[in-house]
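Below: one structure, written as structure tokens.
In the working numbering, the protein residues as written are 131 to 295.
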């Protein structure tokens, strides 16, 4: 798999050879946060959350030593759905699919970057969708959803997206 974020200051996770799927997705999620601006970062903390994806959370933990935007990075698996409002980025997986309408309703106009690998969620208000295309991970961006949530996505990020709407 080839990383579509080539050319951006990319944080490598120091593994030789091809990366497992969740390691690649974690790298993308982390890098998306580098090219997103939030109105504020409470307590100078950037919190990336998952709901059901233990595999992704495990891979994201490898990035905890970094300080995106000069902030402390926290990785959290959320069990209480109300707590998603305390996240700056939320990864939604196939396991979360049934709760998406409730999740997106809770996050309406809240500055939480939503990211998924579930294709049918992109048109429903999720901001960034990750997918595989010819053995490459690519992504699409819903700028309208990001603007409604008062998030600014870098033009560098948008220029690398396969689809922007």
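Beta carbons: idealized from backbone N, C-alpha and C, even for Gly.
Pick from the options that is closest to residue i, judged by C-alpha positions
| i | options | result |
| --- | --- | --- |
| residue 270 | 277, 183 and 245 | 245 |
| residue 248 | 177, 173, 183 and 157 | 183 |
| residue 150 | 291, 188 and 211 | 188 |
| residue 291 | 266, 281 and 280 | 266 |
| residue 173 | 288, 226, 268 and 204 | 204 |
| residue 211 | 201, 190 and 180 | 180 |
| residue 175 | 293, 202, 164 and 160 | 202 |
| residue 228 | 250, 215 and 207 | 250 |
| residue 177 | 166, 206, 165 and 170 | 206 |
| residue 280 | 288, 237, 190 and 295 | 237 |
| residue 190 | 156, 165, 215 and 166 | 156 |
Distance, residue j Cα to residue i Cα
| i | j | result |
| --- | --- | --- |
| residue 234 | residue 264 | 30 Å |
| residue 240 | residue 255 | 12 Å |
| residue 152 | residue 185 | 6 Å |
| residue 217 | residue 286 | 23 Å |
| residue 275 | residue 257 | 6 Å |
| residue 232 | residue 273 | 21 Å |
| residue 154 | residue 192 | 12 Å |
| residue 213 | residue 158 | 23 Å |
| residue 283 | residue 168 | 9 Å |
| residue 133 | residue 268 | Only weak support exists for where residue 133 lies, its pLDDT of 42 falling under 50; the value from the coordinates is given anyway. One C-alpha to the other measures close to 8 Å. |
| residue 243 | residue 162 | 9 Å |
| residue 293 | residue 209 | 32 Å |
| residue 299 | residue 171 | This structure cannot settle anything about residue 299, because the visible part of the chain is limited to 131 through 295. |
| residue 166 | residue 289 | 14 Å |
Cβ-based neighbour list, residue i, same chain, cut-off 7 Å, excluding 5 preceding and 5 following
| i | result |
| --- | --- |
| residue 278 | 239 |
| residue 253 | none |
Residue i Cβ short of 7 Å to the ligand MG heavy atom set
| i | result |
| --- | --- |
| residue 198 | With respect to small molecules bound, the structure shown includes none, and the ligand MG cannot be examined in it. |
Nonlocal neighbours in the same chain, by C-beta distance under 6 Å from residue i, ignoring five residues either side
| i | result |
| --- | --- |
| residue 226 | 181 and 182 |
| residue 164 | 198 |
Own chain, CB closer than 8 Å to residue i, minus 5 neighbours either side, in chain order
| i | result |
| --- | --- |
| residue 295 | 270, 271, 272, 273 and 274 |
query: Going along the chain, which unbroken runs of the beta strand (DSSP E) with 3 or more residues stay wholly within the region 178–248?
result: 202–207, 219–222 and 243–246
- request: Could you say if the region 191–204 and the region 219–238 meet the contact criterion of at least three C-beta pairs nearer than 8 Å?
  value: Contact fails: fewer than three Cβ-Cβ distances are below 8 Å.
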